[in-house]
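Enquirer:
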Amino acid sequence: MGGGGAWNDERCGMRNPSVCKMSKIIIEGTDVPVTPNGCDLGWVAYGGSCYGVPGKITAEWDRSQLSCQAVGAKLASIKDRYEQSVVTSVLAQEHGNPVWIGLNDLIVAGEYHWSDGTAVTYTNWDYLEPKENNGNCVAATTGVMAGLWQVKSCNTRYDYLCESVREGYTAAPTVTPPRNPTTPHDTNCAEGWIGYGDRCFGVSIIYIVNLF
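For the sequence shown, this note's numbering begins at 60 and goes up steadily by one.
#1: Pull up the CB-CB distance for Tyr219 and Ser126, whole angstroms please, since I reckon it's below 8 angstroms.
#2: Could you compute how far the alpha carbon of Cys259 sits from the alpha carbon of Asn239?
#3: What residue range is occupied by the uninterrupted alpha helix (DSSP H) comprising Arg258?
#4: Exposed or buried, Trp252, counting other C-beta atoms within 10 Å across all chains shown (16 or more means buried)?
#5: Using the three-state DSSP reduction, which class does Glu142 fall into: helix, strand or coil?
#6: My understanding is that Asn195 touches Asp164, with C-beta atoms under 8 angstroms, so please give their C-beta distance in whole angstroms.
#7: Where in the segment 161-219 do unbroken runs of the beta strand (DSSP E), each at least 3 residues long, occur, reported from the N-terminal end onward?
#8: For Tyr110 versus Val158, is the C-beta distance shorter than 7 angstroms?
#9: Suppose you measure from the CA of Val112 to the CA of Cys221; what does that come to, to the nearest Å?
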């Protein structure tokens, strides 16, 4: 079988990968639901958080916050483009209506902050947003154009994206730089060479002349 799935004749003595077929193994159900990656079923894990749209029940922004808290979560806060890409993948599976996130300017108009108090270090506004005349709360688009932020009236009923703590997650250790890093210098190197540590580096160019 070729790379595109087409069949072709080959010598039987050739060493090639093979495709095997076997009957399915019937696995008995468990009494306790399995929570892959430390998140509830249907939620997506990233870093120390789990993301999900619970219940598919629409609510105003403040009630959405309470609904997230009822399941041990909060409205999602997005700190960088990596987290945004995960959120976008979740929202792309939704039906196309906006979904509430934790961003708002309810305290001071025009000064946006996350509902959990974390600083705003990243934004992903839709075209011509934020439209502050539309309201004080922020929702994210879903469907084909998922992940873009739009200002909406806080009294509008939308689904909501919750973020909870990922159980059993241990962050990777932070690697600290050496206290005395090596400073490159060209001392004791030939002209045109670059020094680093106790070595010199250079590129030699040899011209070959064809005499015939």
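Just so it is clear, CB atoms sit at the ideal spot from N, CA and C, and this is done for glycine as well.
Expert: In this structure, then:
#1: Confirmed, about 7 angstroms.
#2: The alpha-carbon atoms of Cys259 and Asn239 are separated by roughly 20 angstroms.
#3: Element bounds for Arg258: not the alpha helix (DSSP H) but the beta strand (DSSP E), Arg258 to Phe260.
#4: Counting Cβ neighbours within 10 Å, Trp252 comes out exposed, since fewer than 16 surround it.
#5: Three-state result, Glu142: helix.
#6: At roughly 5 angstroms, the Cβ-Cβ gap stays under 8 angstroms, so Asn195 and Asp164 are in contact.
#7: Within the segment 161-219, complete beta strand (DSSP E) segments of at least 3 residues are found at 170-173, 196-199 and 208-211, given in chain order.
#8: Taking 7 angstroms as the Cβ cut-off, Tyr110 and Val158 do not qualify as a contacting pair.
#9: Distance between the alpha carbons of Val112 and Cys221 is about 6 angstroms.
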